[in-house]
Amino acid sequence: MPLTDGPSETVMGDIVFGRKGDTVYGGKTVNYGSAPPPAARPVPARGTILLLSANADDQRQLALDQERRAIDQEVAHSRAAGRLDVRTADALRLDDLQRVLLRHRPVLAHFSGHGHPRDGIQVVGRDGWPRSVPPRALRDLFAILGEGLRCVVLNACHTDEQAEAIAAHVPCVVGMRRQVFDDTAILFATGFYRGLADGRSFRTSFELARNGLDLHDAPDPDVPRLIARAGAADRPLVDLR
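Residue numbers for the sequence shown follow the UniProt record's numbering, so the first one is 1 and each next one is one higher.
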């Protein structure tokens, strides 16, 4: 059966196209729903990667600064250094989400922090304690402000379901199926942005990141998951040709 337009996902190296029982690479079939709008084109000029992070006072402290540094270094020393700007929003609160997306209008939004299996990503409340971002509200926020946004990365534990919801409005989304350890999160981010900043496609960059986990013998290399619209995973973030 020919592949039809629709969301797709990378699962254990396979790209899954369509959500109506369409044929999948690897001989699998899925049933995901209606076809979305066409995938966006690569960034033509300068684009912003927005790094969002949160770690409330009472939570296990993550090495978020190391993850930010790794991403910034990969972009700064790449062929895309003059085409991509890296901006940060730390100690993220609920009120900050709309503000930073409106201000920076990123082509890629990357969240680092904690995630909850039921309640999704967690930010910092006004009292310094963790506050969950309602999954439906986050999905709707990207529907409202998703113009020009090429990819969302939820580099936090248990964000797979939230990534599924966001994928209805953003061409490429990365989520984590289960718990993800600090070292694994940093290694994955390093490889993913190394590929993107070299002009590689989202799919190649994702596979490069997964290979980096294998090279370093990181635990659970199958935790990251890429969900993409048909054709979107084969496009670069920045066209360097």
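We put the CB at the ideal spot given by N, CA and C, even for glycine.
Report buried or exposed for His-110, applying the criterion of at least 16 other Cβ atoms within 10 angstroms of its Cβ. buried
I'd like to check one pair, Ala-80 with Ala-189: are the Cβ atoms closer than 9 Å? no
Which first and last residues belong to the alpha helix (DSSP H) in which Leu-97 is found? 94-104
I'd like to know whether the C-beta atoms of Cys-157 and Val-107 end up nearer to each other than 9 Å. no
Pick from Arg-200, Arg-126, Arg-194 that is closest to Val-70, judged by C-alpha positions: Contrary to the premise, residue 70 reads as Ala rather than Val in this sequence. If we check each option's Cα against that of Ala-70, Arg-194 comes out closest.
Nearest CA to the CA of Leu-205: which residue from Asp-217, Gly-191, Asp-214? Residue identity check: residue 205 is Ser in the sequence provided, not Leu. That would be Gly-191, whose Cα lies nearest to the Cα of Ser-205.
Leu-52 - partner residues in DSSP beta bridges: Ala-89, Phe-111
By the DSSP assignment, the beta strand (DSSP E) with Ser-132 in it spans what residues? 130-132
Taking Gly-113 and Leu-64 to be in contact with their CB atoms under 8 Å, please state how far apart those CB atoms are, rounded to whole angstroms. 7 Å
Starting from Leu-154 and walking both ways along the beta strand (DSSP E), at which residues does that stretch end? 151-155
Could you tell me if Glu-147 is buried or exposed, where buried requires 16 or more neighbouring beta carbons within 10 angstroms of its beta carbon? exposed
For His-116, collect the residues of the same chain with a Cβ closer than 7 Å to its Cβ; drop the 5 residues on either side in sequence, then sort them by chain order. Gln-122, Ser-132, His-158
Beta-carbon contacts of Leu-102 that lie in its chain and below 8 Å, excluding the five residues immediately before and after: Leu-145
Beta-carbon within less than 6 Å of Val-180's beta-carbon, same chain only, minus the 5 sequence neighbours each way: which residues are those? Cys-157, Val-223
Considering just the uninterrupted stretch of the beta strand (DSSP E) at residue 287, what are its terminal residues? Here the chain has residues from 1 to 241 only, and residue 287 is not among them.
Quick one: what's got a C-beta closer than 8 Å to Asp-234's C-beta in the same chain, skipping five residues either side? Ser-201, Phe-202, Arg-203
Beta-bridge pairing of Asp-84 - partner residues as DSSP gives them: Asp is not the amino acid found at residue 84; the sequence shown has Leu there. According to DSSP, Leu-84 bridges with Gly-47.
Are Gly-178 and Asp-160 closer than 9 Å when you measure CB to CB? Before going further, note that residue 178 is Arg rather than Gly in the sequence given. The answer is yes: Cβ separation under 9 Å.
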